[in-house]
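First up is the structure itself, then whatever we jot down about it.
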Amino acid sequence: MLELKNISKSFPGVKALQNISVNFQNGEIHAILGENGAGKSTLIKLLLREEVPSAGAIEVNGYTVNRLKRRQIPGFRRSLGVVFQDFRLIPTMNVYDNV
-15 MLELKNISKS
-5 FPGVKALQNI
5 SVNFQNGEIH
15 AILGENGAGK
25 STLIKLLLRE
35 EVPSAGAIEV
45 NGYTVNRLKR
55 RQIPGFRRSL
65 GVVFQDFRLI
75 PTMNVYDNV
């Protein structure tokens, strides 16, 4: 389960996301579409805890993402499956280990 509750994210001079609320249930498939600068990458970074929301709460698989301690983040990320457009492969690992 993934739930966004009134998420906002601002950077200096830019409101990337403003008051986003949505709930996705296990087994559902969704796509995030939008123009350049619409906040798609920011949303994914928030879900992965690469960024922290300026306001609101994110819950994924029982984790309150914006409250995770630094040491909890790697375990949390292992509970997710994300495919990046740039692949983010580790060059010293084989294909199987990268997957």
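Under our numbering, the first residue of the sequence shown carries the number -15, and numbering increases by one thereafter. Note that beta-carbon positions come from the ideal geometry of N, C-alpha and C, so glycine has one too.
**Request:** Could you tell me which residues DSSP puts in a beta bridge with T76?
**Result:** T76 pairs with nothing; no bridge assigned.
**Prompt:** By a C-beta neighbour count over all protein chains shown, 10 Å radius and 16 as the cutoff for buried, is I74 buried or exposed?
**Reply:** exposed
**Prompt:** Using a beta-carbon distance below 9 Å, is V6 in contact with chain D?
**Reply:** Among the chains in the structure shown there is no chain D, since it carries only a single protein chain.
**Asked** Cβ atoms of K(-7) and E34: under 9 Å apart, would you say?
**Response** no
**A22 - partner residues in DSSP beta bridges** = None, per the DSSP bridge assignment.
**Message:** At the level of alpha carbons, what is the spacing between R55 and R61?
**Reply:** 11 Å
**Prompt:** What whole-angstrom Cβ distance do N(-10) and A39 have, given they're in contact under 8 Å?
**Reply:** 7 Å
**Residues near N10 by beta carbon distance below 7 Å, same chain, minus five either side** = M(-15)
**Asked** For L(-12), does the three-state DSSP call read helix, strand or coil?
**Response** strand
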